[in-house]
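Please read the structure below before turning to the comments.
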Amino acid sequence: MVKFAPLFVPWERRLQTFMVLQWVFSFLALAQICTVVFVGLLFTRFWLVSVLYAAWWYLDRDTPRQGGRPVQALRRCFMWKYMRDYFPVTLVKTAELDPSRNYLAGFHPHGVLAAGAFVNLCTESTGFPSLFPGIRSHLMMLTLWFRVPFFRDYIMSGGLVTSDKESAAHILSRKEGGNLLAIIVGGAQEALNARPGDSTLLLRNRKGFIRLALMHGAALVPIFSFGENELFDQVENSPGSWLRRIQNRLQKIMGISLPLFHGRGVFQYSFGLIPYRQPITTVVGKPIEVQKTLCPSKEEVDKLHQRYVKELCDLFETHKLKYNVPVDQHLEFC
Numbered sequence: 001m002v003k004f005a006p007l008f009v010p011w012e013r014r015l016q017t018f019m020v021l022q023w024v025f026s027f028l029a030l031a032q033i034c035t036v037v038f039v040g041l042l043f044t045r046f047w048l049v050s051v052l053y054a055a056w057w058y059l060d061r062d063t064p065r066q067g068g069r070p071v072q073a074l075r076r077c078f079m080w081k082y083m084r085d086y087f088p089v090t091l092v093k094t095a096e097l098d099p100s101r102n103y104l105a106g107f108h109p110h111g112v113l114a115a116g117a118f119v120n121l122c123t124e125s126t127g128f129p130s131l132f133p134g135i136r137s138h139l140m141m142l143t144l145w146f147r148v149p150f151f152r153d154y155i156m157s158g159g160l161v162t163s164d165k166e167s168a169a170h171i172l173s174r175k176e177g178g179n180l181l182a183i184i185v186g187g188a189q190e191a192l193n194a195r196p197g198d199s200t201l202l203l204r205n206r207k208g209f210i211r212l213a214l215m216h217g218a219a220l221v222p223i224f225s226f227g228e229n230e231l232f233d234q235v236e237n238s239p240g241s242w243l244r245r246i247q248n249r250l251q252k253i254m255g256i257s258l259p260l261f262h263g264r265g266v267f268q269y270s271f272g273l274i275p276y277r278q279p280i281t282t283v284v285g286k287p288i289e290v291q292k293t294l295c296p297s298k299e300e301v302d303k304l305h306q307r308y309v310k311e312l313c314d315l316f317e318t319h320k321l322k323y324n325v326p327v328d329q330h331l332e333f334c
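What follows is the structure, given as structure tokens:
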């Protein structure tokens, strides 16, 4: 039975739903629409718009891996507070971050659409600048999306940068410090595990970010976002199932995963692509000191990785009861 929303809903809640709807639309369809518009304009009297943009695009091709082009006015826009309040999203600080240093943060879990990472690190609605004064946040995103006309400029405005070594090196090597580069370590593949009650992280063999931290001497910061996996239901796709095999194959080919998920609708609560109203609490752990090592050995990488995993587990265990995680639930790694 379909459960419909009440006829009379406070205007503020409607705005919250609208902001989340536009965000989901941007994530799922805006890139494709931008591509169609760019190509379509070439066959109209406005063809010069696409030609001029193509020239700009070529001249600006390196920007996504050179720190991007964040637009503070957009990050501070008051409308983001409606998206924050929809869930709501809360950012929790457990330790100070020295603004004279650079940090590499591992963000967990990915969830289906990484809502917590976006709200906390690509907008200022949860107060990141006031909690961590002097620190600028950047979030890595698949390089594929920065090849889409118009869309690339939109995502860069929020502080998103490409997920490659050159991009990380540009930010982490800034001598003035004050930068936090966040990597959603589990990536698109981890999204296939995102469902309510799941606490499985794709981390066991993910060590590239550890090597980056060692090469640049950037302190490692574990971040865990409680509630991230509660936002959507997902079609059963357990490891080894035919659906998971197809999803894994497509992920290897395209670089993006295709989780079959659903949440609620705009005017009913039973089915749709809008996330459920479930609270997200993103807890930023204490930084792990890292000694700069230009050519780290496998042993050094493994040792730091083990320490990072331990600190992440401790962060989860310390805070889980506050955010309705059962006492017998622990992080699992694959």
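Heads up: the sequence shown runs through residues 1 to 334, numbered per full-length UniProt numbering. C-beta: ideal position from N, C-alpha, C; glycine also.
Practice prompt. With a cut-off of 8 Å on the beta carbons, I'd call L273 and V24 a contact; round off their distance for me.
Written response: Sure, about 6 Å apart at Cβ, within 8 Å.
Worksheet item: Three or more C-beta pairs closer than 8 Å, one from the stretch 82-92 and one from the stretch 116-135: is that the case here?
Response: Three or more beta-carbon pairs drawn from the stretch 82-92 and the stretch 116-135 are found closer than 8 Å, and the two stretches are therefore classed as touching.
Worksheet item: Run through DSSP, which three-state label would L260 get?
Response: Looking at L260 - three-state DSSP - the assignment turns out to be coil, as it is neither helix nor strand.
Fill in: Cα-Cα separation between W57 and G116, rounded to whole angstroms
The straight-line gap from Cα to Cα measures roughly 30 Å.
Discussion item. Within 10 Å of its beta-carbon, does R65 have 16 or more other beta-carbons around it, so buried, or fewer, so exposed?
Written reply: R65 comes out buried.
Worksheet item: What are the complete beta strand (DSSP E) segments, minimum 3 residues, inside the stretch 2-48?
Response: With a minimum length of 3 residues, there is no unbroken run of beta strand (DSSP E) contained wholly in the stretch 2-48.
Worksheet item: Between A68 and L181, what straight-line distance do the alpha-carbon atoms span, to the nearest angstrom?
Response: Position check: residue 68 holds Gly in this sequence, whereas Ala was assumed. Approximately 12 Å between the Cα atoms of the pair.
Fill in: Cα-Cα separation, N120 to V284
Approximately 11 Å between the Cα atoms of the pair.
Discussion item. What would DSSP say about P129, mapped onto helix, strand or coil?
Written reply: Looking at P129 - three-state DSSP - the assignment turns out to be helix.
Worksheet entry | Burial state of P326, where buried means 16 or more other Cβ atoms lie within 10 Å | By the Cβ neighbour-count rule, P326 is exposed, with fewer than 16 other Cβ atoms within 10 Å of its own.
Fill in: Rounded separation between F333 and Y154 - CA only
When the Cα atoms are used, F333 and Y154 turn out to be separated by approximately 34 Å.
Discussion item. So, with DSSP's three-state summary, where would you put A201?
Written reply: Residue identity check: residue 201 is Leu in the sequence provided, not Ala. Here L201 sits in strand by DSSP.
Fill in: E299 classed as buried or exposed, judged by whether at least 16 other C-beta atoms fall within 10 angstroms
By the neighbour-count rule (16 or more Cβ atoms within 10 Å), E299 is not buried but exposed.
Fill in: Cβ pair S257, Q247 closer than 9 Å
Yes, they are a contact pair.
Item to complete: Report back the beta-carbon spacing between Q234 and R195 to the nearest angstrom; my notes put them in contact at under 8 Å.
Response: Right, their Cβ atoms sit about 5 Å apart.
Item to complete: Count the CB pairs spanning the stretch 88-97 and the stretch 194-209 that are closer than 8 Å, and state whether there are at least three.
Response: No: the two stretches stay apart, fewer than three of their Cβ pairs being nearer than 8 Å.
Worksheet item: Which runs of the alpha helix (DSSP H), 4 residues or longer, sit entirely within the stretch 273-321?
Response: Taking only runs of at least 4 residues, the alpha helix (DSSP H) segments lying wholly in the stretch 273-321 are 298-319.
Discussion item. Tell me whether the stretch 223-233 and the stretch 260-276 touch, counting them as touching only if at least three CB pairs, one residue from each stretch, are closer than 8 Å.
Written reply: Yes, the stretch 223-233 touches the stretch 260-276.
Item to complete: Starting from the C-beta of P287, find all residues in its chain whose C-beta is less than 7 Å away, skip the five residues before and the five after it, and write them out in chain order.
Response: So the list reads A95, L97, Y103, A219, L220 and V221, once near-sequence residues are dropped.
Worksheet entry | Simplified DSSP state of F209, which is helix, strand or coil | It is helical.
Worksheet item: Starting from residue 369 and walking both ways along the alpha helix (DSSP H), at which residues does that stretch end?
Response: This structure leaves residue 369 out entirely; the chain is present only between 1 and 334.
Item to complete: May I ask you to report which of helix, strand or coil DSSP gives Y100?
Response: Sequence inspection shows Ser at residue 100; the Tyr mentioned does not correspond to that position. DSSP, read as helix, strand or coil, puts S100 in coil.
Worksheet entry | Three-state secondary structure (DSSP) of Q189 | When DSSP states are grouped into helix, strand and coil, Q189 belongs to the helix group.
Discussion item. Per the DSSP calculation, G106 is bridged to which residue(s)?
Written reply: The partner list for G106 (beta bridge, DSSP) reads I183 and P222.
Worksheet item: When the Cα atoms are used, what is the spatial distance from M215 to K207?
Response: Distance between the alpha carbons of M215 and K207: 13 Å.
Worksheet item: Using CA coordinates, which residue listed in G217, L144, T162 and L312 is at the minimum distance from M254?
Response: Nearest of G217, L144, T162 and L312 to M254, Cα basis: L144.
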